[in-house]
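I have placed the structure first, in the form of structure tokens, so that the comments after it can refer back to it.
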Amino acid sequence: MSDIVVTLPDGSELSVPEGSTVQDVAYEIGPGLGKDTVAGVVDGDLVDKATELRDDARLVIVTEQSDEYLDVLRHSAAHVFAQALQRLYPEAKLTIGPWTDEGFYYDITGVDLDSEDLEAIEAEMEEIIAADYPIERYTLSREEAFDKYEDNPFKRDILENEAAGEEEVSFYRQAEFEDLCKGPHVESTGEIGAAKLLNISSAYWRGDEDKETLTRVYGTAFESEEELEEYLQRREEAKERDHRKIGRELDLFSVPAHSPGCVHFHPNGMRIRRELEEYVRAKNDELGYEEVWTPELNKAELWKPTGHYDNFTAQGEMFNWEQDDTEYGLKPMNCANHAYIYAHEQHSYRDLPIRFSEFGTVYRNEQSGELSGLLRVRGFTQDDGHAFIRPDQIQQEVVNTLRSIRDIYRNFDLDIEYKLETKGDNAVGSDEIWAQATQSLKDALDSEGVEYDVEEGEAAFYGPKVAVNAIDAIGREWTIGTVQLDFNIPERLDLTYVGEDNEEHRPVMVHRALLGSFERFMGVMIEHFNGKFPLWLAPEQVRILPVSDDNIEYAERVRAELGDFRVGIEDRSWTVGRKIQQAHEDRVPYMLIVGGNEEEAGTVSVRDREERERQDVRLEAFRAHIEAERAEKRVEPDFLADE
RNA sequence: GCCGGUGUAGCUCAGCUGGCAGAGCGAAUCCUUCGUAAGGAUUAGGUCGAGGGUUCAAAUCCCUCCACCGGCUCCA
């Protein structure tokens, strides 16, 4: 038997016989490591320690100290769930039960569960963990396994597909429970310190909506009870940040039942949106975009040559209908209209780039089950822009746009993750054009020296995309800004410019959005800031709290001094404590408390939403500070930062 | 769209196996005029998501629809 070369994390190489298992290699490195081996990571995939190595590979040994140990433990927790389930519901059929980033799930069928049932299953899981059953691996021939799963078509499906080429398949056993499984698993059920079932939902077999619907039970597990508690608390905090909840509390927006997926911005929400709009307008001016406006309602034929019509109607995503023997539709994108504005007159190579921006409201018939607050809606307004450029301008244009998005994200205290999305099944245009456009985007990303992941097949139909994803305050990733390069629509609409040579040439289109859509961006910002908006965005920037009703008149004078700031006066006859509490609940950046003392001295007492305070403040000093704070778009109120 | 769940006052929620629709907060009015995270009293608020059915009687049981929530599948 010939040898293979295993590359270890430190770069060293080890020559071992072909067919050596992960654990064999670990023993080769050292007996201690061999003994501690839980699993391995072979070329990036977490696998069982009994996995035989057939080719040269990169190998990481997973022990209890490894990050991957938690994945292994959760995989075992999924088995413990399945075992508990089968004890209580012998008729339940198992399908798959993998680990996930946050825990695990198990897809099951043949049993109806509700959340109360989960508690009983959880109790049984605790018994199984307490019993500390050893977890043993064994193998059967594929035929034997197939016979064993006579009454489980899902396991048979796995044996016929995933395991098609294998002679032997592995099983894991703990007490009376056994499951077809590739592993890896921990040594015994007692290693799972703490497990919890989180919710119950559903999924399709193999994620295919034409296949069976399965019951999916989500859970998580940790090495210790404390870590589980910490996780549950984090989860609770994320729930507290839910933009739908905060949106109601702060009266920002609503999505009434009569307009599903279409947002009503209330005055408070509209104040934020207006600030965002003005902000983007200023950016567009800097970037050389000229604002245009195009209608939502058009004849459907507008979108036929560009490919939009086929693309959107194929998925039932376009709102279109017959009226007076003509087909009309609501625009699902703004690009076609902008291209028509471009085509309206002749352009010289000297005029390019020509850039159009629009706060374009588009409508897409998203599936009802997809709608979610501001984050997934049917009607939304993109801060859209299209630049028509010469091929020699591609690099510069894309780089400028990427830099501008980067600067914007900094203003919102967001981290960035770049994704390059490439040609998908719905693409229009030739492979050559796509390859060229994709390469241009790569060049731009490389010239900026940024790291990016490639997501194959994820692009829009007309061209490859750089998704500039934002990472929010609690680590979640959102697609917001995008830059897309399009050689196809110019071709399809026969867009041209006249070159130096007096010949017609084809421009390239750059589609870009800085914030994406105002709806989604606001949803993300609400959760990112937990409703505590930076001063420049806060619907109410300052609230004046008169100590008693006698001070309301002074409060009015103070407000007048604050000019164009958004200032409220709390004029309910509440105690000061109550007024303060309400202002905190409303997340107002600054409170100015004014009573007899302040009125006499002509000062204010400042308190901020971080509970800092200072008395005897001269109003001019406060105003000068907040003017700077607003202008610089500082994220936190910092007048009292040194208190 | 599919699977599961939910829908009761402006908000948060109680209301069990059918028998007069409730609380707290908020609102209005009155008292209190208060100094750094909830002062007191009174009053008003509901076609129990909509429609149909069962029943002497439906918020409660059944059916259909709508919306929302958790997922799946799809996207800014």
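No gaps in the numbering here: position 230 of the first sequence is 226 in this note's numbering, and each next residue is one more.
Idealized CB from N, CA, C, for every residue including glycine.
Owing to the predicted nature of the structure, the values given are computational and were not obtained by experimental measurement.
How long is the line joining the alpha carbons of E444 and I476, rounded to whole angstroms?
19 Å
For the beta strand (DSSP E) holding D41, just list the boundary residues, first then last.
41 to 44
Are D403 and A509 touching if we call contact CB-CB under 7 Å?
no
On the three-pair Cβ rule with 8 Å, is the region 466 to 486 touching the region 385 to 399?
yes
Opposite G325 in the DSSP bridges: which residues?
N294, N316
Contacting residues, own chain, Cβ-Cβ under 8 Å from N264 (five flanking each side not counted)
L246, D247, L248, P535, E536
Secondary structure of R386, DSSP reduced to three states:
coil
Measuring alpha carbon to alpha carbon, tell me which of Q19, P349, D306 ends up nearest G495.
Answer by Cα proximity: P349.
So what's H340 in DSSP terms, helix, strand or just coil?
coil
For Q378, list the residues DSSP reports as bridge partners.
G356, S513
Leaving aside the five residues before and after G644 along the sequence, list all residues of the same chain whose C-beta is less than 7 Å from its C-beta, in chain order.
This structure cannot speak to residue 644, because the chain is shown only from -3 to 639.
Does DSSP put I622 in a helix, a strand or coil?
In the structure shown, the three-state DSSP call for I622 is helix.
Might you give, ordered along the chain, the residues of its own chain that have their beta carbon closer than 6 Å to the beta carbon of L114, omitting 5 neighbours on each side?
Cβ-Cβ distances below 6 Å link L114 to L193 in the same chain, with the five nearest sequence neighbours on each side left out; the list follows chain order.
Check whether L228 and A190 have beta carbons under 7 Å apart
It is not a contact, given that the beta carbons lie outside the stated cut-off.
Hey, how far is the Cα of L69 from the Cα of T96?
L69 and T96: Cα-Cα distance of roughly 11 Å.
State the DSSP-derived secondary structure class of H580, mapped to helix, strand or coil.
helix
Figure out for me which residue from I412, G592, N294, T17 has the closest Cα to the Cα of D545.
G592
Alpha carbon to alpha carbon, how far is D427 from H343?
28 Å
Could you please give me the residues that DSSP links to K89 through a beta bridge?
Per DSSP, the beta-bridge partners of K89 are T105.
Look at the Cβ atom of S654, then the Cβ atom of R133, and state whether they are nearer than 7 Å.
Residue 654 lies beyond the stretch modelled for the chain, which goes from -3 to 639, so this question has no answer here.
Which whole runs of the beta strand (DSSP E) in the region 207 to 264 are 3 residues long or more, in chain order?
209 to 218
In the DSSP assignment, find the unbroken beta strand (DSSP E) run with I642 in it and report its ends.
Given that the chain is displayed from residue -3 to residue 639, the structure contains no residue 642 and the question cannot be resolved.
Grab me the residues of N650's own chain with a C-beta within less than 6 Å of its C-beta, minus the 5 sequence neighbours each way, in chain order.
For residue 650 there is no data in the structure shown, the boundaries of the chain being -3 and 639.
Compare the beta carbon distance of V590 and V600 with 7 Å and say whether it is the shorter of the two.
yes
Name the residue from D206, R539, A463 whose alpha carbon lies nearest to the alpha carbon of H507.
A463
If you scan the region 41 to 79 from start to end, which runs of the alpha helix (DSSP H) of 4 or more residues do you find wholly inside it?
none
The region 34 to 49 contacting the region 166 to 179, beta-carbon criterion three pairs below 8 Å
yes
Are the region 137 to 148 and the region 107 to 126 touching by the rule of at least three beta carbon pairs closer than 8 Å?
no
Pick helix, strand or coil for R270, following the three-state DSSP scheme.
helix
Output needed for Q643: all residues of its chain with C-beta closer than 7 Å, excluding positions within five of it in sequence on either side, in chain order.
Beyond the ends of the chain as shown, which are -3 and 639, falls residue 643; an answer cannot be given.
Going by the C-beta, is L370 closer than 6 Å to any heavy atom of the ligand FMN?
Although the ligand FMN was asked about, the structure shown includes no ligands whatsoever.
Rounded straight-line distance, which links the Cα of K151 to that of Q578:
CA-CA distance, Q578 to K151, rounds to 57 Å.
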